[in-house]
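Novice: Position 118, counted from 1, in the sequence shown is what the numbering used here calls 122; the numbers after and before it change by one each time, with no gaps.
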Amino acid sequence: MPSKTDAGDVDVAIVGAGPAGIYMLHRARTAGLSARVFDSAGGVGGTWYWNRYPGARCDVPSLEYSFGFDEDLQQEWSWPEKYSAQPDLLAYLNHVCDRFGLRDGIQLETRVDSVTYDEPQGRWQVGTDRGDNVSAQFVVMATGALSAANTPDIPGLDTFAGDVIHTARWPHEPVDFSGKRVAVIGTGSTGVQVIPEIAKQASELFVLQRTASYSLPSGNRPLDPAEEAVIKARYADFRAANRLMPAAIGSLYQLRSTSVLDATPEERQLAFEETWEMGGFAFVRTFPDLTLSHEANKIAADFARAKIRSIVHDPATAELLSPKIVIGCKRMCIDSGYFETYNLEHVHLVDVSTTPIQEVTSAGLRVGDRTYEVDAIVFATGFDAMTGALLRLDIRGRGGQPLGDAWAAGPGTYLGLSIPGFPNLFTIAGPGSPSVLTNVIVAIEQHVDWITDCIEDMRDHGYSTIEAMPEARDAWVVHVNEVAADSLHNDPGCNSWYLGSNIEGKPRVFMPLLGFPAYVDRCEEVVVRGYEGFVLSPASSP
Ligand code: NA7
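1. How many Å lie between Ala24 and Tyr87 at the Cα?
2. Please state whether DSSP places Pro178 in a helix, a strand or coil.
3. Under 8 Å: does the beta carbon of Pro205 sit that close to some heavy atom of ligand 1?
4. Locate the beta strand (DSSP E) running through Ser468, then write down its first and last residues.
5. Leaving out five residues before and five after Gln405 in sequence, what residues of the same chain have Cβ atoms less than 8 Å from its Cβ?
6. Exposed or buried, Leu274, counting other C-beta atoms within 10 Å across all chains shown (16 or more means buried)?
7. Taking just the CA atoms, how far does Ala543 sit from Lys8?
8. Taking all protein chains shown into account, decide if Arg533 is buried (16 or more other Cβ within 10 angstroms of its Cβ) or exposed.
9. Check this for me: beta carbons of Asp100 and Ile26, under 9 Å apart or not?
10. Helix or strand or just coil, what does DSSP make of Glu113?
11. Is it the case that the CB of Val440 approaches a heavy atom of ligand 1 more closely than 8 Å?
12. With 16 as the cutoff for other CB atoms within 10 Å, does Gln141 come out buried or exposed?
13. Taking only three categories from DSSP, how would you classify Phe291?
14. Which of the three DSSP states is assigned to Val378 in this structure?
15. At a cut-off of 8 Å, is Arg56 close to ligand 1 when judged by its beta-carbon and the heavy atoms of the ligand?
16. Out of Trp81, Thr290 and Gly47, point me to the one whose CA is closest to His176's CA.
17. Pick helix, strand or coil for Asp1, following the three-state DSSP scheme.
18. Consult DSSP for Tyr87 and reduce its assignment to one of helix, strand or coil.
19. Any idea which residues DSSP pairs Gln129 with across the strands?
20. Using only CA atoms, which one of Trp280, Arg335, Pro292 and Lys204 lies nearest to Ile312?
21. From Pro438, Asp409, Phe383 and His493, pick the residue whose C-alpha is nearest to that of Gly420; which is it?
22. Quick check: does the Cβ of Trp52 come within less than 8 Å of any heavy atom belonging to ligand 1?
23. Kindly identify the DSSP beta-bridge partner or partners of Gly368.
24. Buried or exposed: which applies to Asp490, given that a residue is buried once 16 or more other Cβ atoms fall within 10 Å of its Cβ?
25. Thinking C-alpha only, which one of Ala413, Gly408, Ala472 and Ala433 is nearest Ile423?
26. Any idea if Pro435 is buried or exposed, counting beta-carbon neighbours within 10 angstroms, 16 or more meaning buried?
27. Would you be able to state if there are at least three C-beta pairs under 8 Å between the region 34–48 and the region 110–127?
28. Please classify Thr345 as buried or exposed, where buried requires at least 16 neighbouring CB atoms within 10 angstroms.
29. Taking only heavy atoms of ligand 1 into account, decide whether any of them is closer than 8 Å to the Cβ of Trp501.
30. Looking at the unbroken alpha helix (DSSP H) that takes in Arg400, where does it start and where does it end?
31. Along the chain, where does the beta strand (DSSP E) that runs through Ile169 open and close?
32. So for Ala149, helix, strand or coil by DSSP?
33. Could you check where the beta strand (DSSP E) with Arg40 kicks off and where it finishes?
34. In three-state terms, what does DSSP make of Cys498?
35. Regarding Val356 and ligand 1, is the C-beta to nearest heavy atom distance less than 8 Å?
36. My assumption, with CB atoms under 8 Å, is that Ala393 sits in contact with Ala152. Please give the rounded CB distance.
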């Protein structure tokens, strides 16, 4: 296997300097591979570099949403809060880069705009907007599942006289909304975080809601050093226990194992109150069947809707804020004071579910007969998730085939790691892997370890190329769909970004794989069986 062939060549080109790209660089280097990371951002951090809107916070507890690959790292870092705010996560990821001496391998402010397979050479050409043309034996797409920001194409947007900001492209300098009339479009995980913060400053705030979200209180608080010490005393065991959980988090919760349908109304109420108070995702796991059957699901949904009615004073607003969809079919939101915000006199909820936003004028937004005059519009409208970042790049595999053609009917991968026709190109936390349905840091570590071990195996055994077989991909796509078929995530009333249905024209396909721990076993089994489902070729035959 060639090492660096000339100044511009590397063994591994990595696209993206978020947690996945950072860890990939570290593992590649420790495996003796030359590697370079490219990112269009001005700093490392990925999601936590871009999403610097007020209120931005992780919805997975800090002690779990952090790397577990190095014992010293996890012992020396201290988190100030149970759920980390964006600046703390960004500081952590910068610390990781410094601690492992990674900065010289990361090329920032450099957008990769083409990734092309050079078939005769058996190498990839990575082209950037700075004119780099780097030859790499392997390419790792660490581009993030939620990084391609989605701004709806609303007529007249370019005529608006005020400020337009997408939450995922928030300015670095503080934005002052004091005395301003602001519109926020979107009430997903981002909306529920940013809305209470903007409401603290704005003179008037219009929230344009298309679909009401279930949102659970975070229960965020300063992290108790004693609690942190208990985890740190057995951090490796804690991580291992989490890796056995369906979402790779939450091994600490002592939840019930019996059906909600077998509980009395009093027992249900008590159980739900307990997990609601606990904060975070615990609520959806109060009983094991809440996300498995409609009957069980409705009981949890009714409880959550009753909570909204108990918080929001105006009954009409409470009704509008009460989700009608299955609870948990979309990603649950986690908030700090979201519903309470609607009790403020200057905060107005605007329903755009039946009458969409028609146009933006120079003065504001027109919905039906009414124009909402505002000084700023904030788009909390999410992402072209899972495939967006990959398809926005010009990736071409064997025969010059664009990835967009290969994925015209939906993303087809083998193990969420590899695509037939795109040899030696790996996706981290890509479609077809548990990715966003797990603690994504755990998913990233598992993928990076698998990819690095695979490259090392290839090197040890004289192989230069690995490529997924089309039959293996087809069987994997069937598996991903089968697992999701009976899940409430696939409920016809649910238009989630998991299904791509937040983006017009995107094929409706459930993209992540349900079933984390079993997936890890499957990846290991594939290796044990000699990379079953892959073709490995020796150096002479690219
Ligand atoms: P989400 O969860 O996709 O939420 C986006 C929100 O924007 C959601 O309420 C959408 O309504 C709304 N939206 C999108 N387009 C429009 C238009 N054209 N008009 C009105 N409303 C619109 O993105 P987030 O950034 O909040 O969260 C993404 C993930 O990041 C989250 O799940 C966590 O994993 C972290 P809709 O529901 O589509 O009707």
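We put the CB at the ideal spot given by N, CA and C, even for glycine.
Specialist: The short version:
1. One-based indexing of the sequence shown puts residue 24 at position 20. One-based indexing of the sequence shown puts residue 87 at position 83. Rounded to whole angstroms, the separation of the alpha carbons of Tyr87 and Ala24 is 20 Å.
2. To locate residue 178, count along the sequence shown from 1; it is residue 174. Note: Pro178 maps to coil in three-state DSSP.
3. Walking along the sequence shown from the start, residue 205 turns up at place 201. Looking at the sequence shown, residue 205 is not Pro but Gln. When distances are taken from the beta-carbon of Gln205 to the heavy atoms of ligand 1, even the shortest one reaches 8 Å or more.
4. Your numbering for residue 468 matches position 464 in the sequence shown. Segment Tyr467 to Ala472, the beta strand (DSSP E) holding Ser468.
5. Residue numbering aside, residue 405 sits at position 401 when the sequence shown is read from its first letter. For Gln405, the CB contacts under 8 Å within the same chain, skipping 5 residues up- and downstream, are Gly425 in chain order.
6. Here the question's residue 274 lines up with position 270 in the sequence shown. So Leu274 ends up on the exposed side.
7. The sequence position of residue 8 within the sequence shown is 4, counting from 1. The sequence position of residue 543 within the sequence shown is 539, counting from 1. Because Lys8 sits at a pLDDT of 36, beneath the cut-off of 50, its placement in the model cannot be relied upon, and the point is left open.
8. Here residue 533 refers to the residue found at position 529 when the sequence shown is read from its first residue. An exposed status is given to Arg533, since fewer than 16 other beta-carbon atoms sit within 10 Å of its beta-carbon.
9. Against the sequence shown, residue 100 aligns to sequence position 96. Against the sequence shown, residue 26 aligns to sequence position 22. The residue you asked about is not Asp; residue 100 is Val in the sequence shown. Remark: C-beta atoms of Val100 and Ile26 approach each other more closely than 9 Å.
10. Reading the sequence shown from its first residue, position 109 is the one you call residue 113. In the structure shown, Glu113 falls within a coil segment according to DSSP collapsed to helix, strand and coil.
11. As a working mapping, residue 440 is identified with position 436 in the sequence shown. Answer for Val440: yes, Cβ within range of ligand 1.
12. Looking up residue 141 in the sequence shown gives position 137. Residue burial annotation: Gln141 is buried, with at least 16 other C-beta atoms found within 10 angstroms of its C-beta.
13. Within the sequence shown, the letter at position 287 stands for residue 291. If DSSP states are grouped into helix, strand and coil, Phe291 belongs with coil.
14. Looking up residue 378 in the sequence shown gives position 374. Coil.
15. Your numbering for residue 56 matches position 52 in the sequence shown. Answer for Arg56: no, Cβ out of range of ligand 1.
16. The count along the sequence shown starts at 1 and reaches residue 176 at position 172. Closest by alpha carbon: Gly47.
17. This structure cannot settle anything about residue 1, because the visible part of the chain is limited to 5 through 546.
18. One-based indexing of the sequence shown puts residue 87 at position 83. Tyr87: coil per DSSP, three-state reduction.
19. Along the sequence shown, one-based indexing puts residue 129 at 125. DSSP, once it has assigned bridges, lists Thr120 and Ser139 as partnering Gln129.
20. Locating residue 312 in the sequence shown gives position 308, counting from the first residue. Its Cα nearest to that of Ile312, the residue Trp280 stands out among Trp280, Arg335, Pro292 and Lys204.
21. Working through the sequence shown from its first residue, we reach residue 420 at position 416. For the set Pro438, Asp409, Phe383 and His493, the Cα lying nearest the Cα of Gly420 is the one of Pro438.
22. As a position in the sequence shown, residue 52 is number 48, starting the count at 1. No, the beta carbon of Trp52 sits no closer than 8 Å to any heavy atom of ligand 1.
23. In the sequence shown, the residue the question calls residue 368 occupies position 364. Glu377, per the DSSP bridge assignment.
24. Position 486 of the sequence shown, counted from the start, is the residue given in the question as residue 490. Exposed: under 16 other Cβ atoms inside 10 Å.
25. As a first step, residue 423 is located in the sequence shown; it is residue number 419 there, counting from the start. Of all alpha-carbon atoms in Ala413, Gly408, Ala472 and Ala433, the one lying nearest the alpha-carbon of Ile423 is that of Ala472.
26. Sequence index remark: in the sequence shown, residue 435 carries index 431 (1-based). Buried, because 16 or more other Cβ atoms sit within 10 Å of the Cβ of Pro435.
27. Result yes; three or more Cβ-Cβ pairs closer than 8 Å.
28. Sequence index remark: in the sequence shown, residue 345 carries index 341 (1-based). Counting C-beta atoms within 10 angstroms of its own C-beta, Thr345 has 16 or more neighbours from the protein chains shown and is therefore classed as buried.
29. Working through the sequence shown from its first residue, we reach residue 501 at position 497. For ligand 1, a non-hydrogen atom lies closer than 8 Å to the CB of Trp501.
30. Sequence index remark: in the sequence shown, residue 400 carries index 396 (1-based). Per DSSP, Arg400 is not a residue of any alpha helix (DSSP H); the beta strand (DSSP E) it occupies stretches across Asp398 to Arg400.
31. Taking the sequence shown and counting its residues from 1, the one referred to as residue 169 is at position 165. Here the beta strand (DSSP E) through Ile169 covers Asp167 to His170.
32. Taking the sequence shown and counting its residues from 1, the one referred to as residue 149 is at position 145. Collapsing the DSSP output to three states places Ala149 in coil.
33. Position 36 of the sequence shown, counted from the start, is the residue given in the question as residue 40. Ala39 to Phe42 is the span of the beta strand (DSSP E), which, as asked, contains Arg40.
34. As a working note, residue 498 is residue 494 in the sequence shown. In this structure, Cys498 counts as coil in the three-state DSSP scheme.
35. Mapped onto the sequence shown, residue 356 falls at position 352. At least one heavy atom of ligand 1 is nearer than 8 Å to the Cβ of Val356, so yes.
36. Taking the sequence shown and counting its residues from 1, the one referred to as residue 393 is at position 389. Taking the sequence shown and counting its residues from 1, the one referred to as residue 152 is at position 148. Contact flag correct, Cβ pair sits at about 5 Å.
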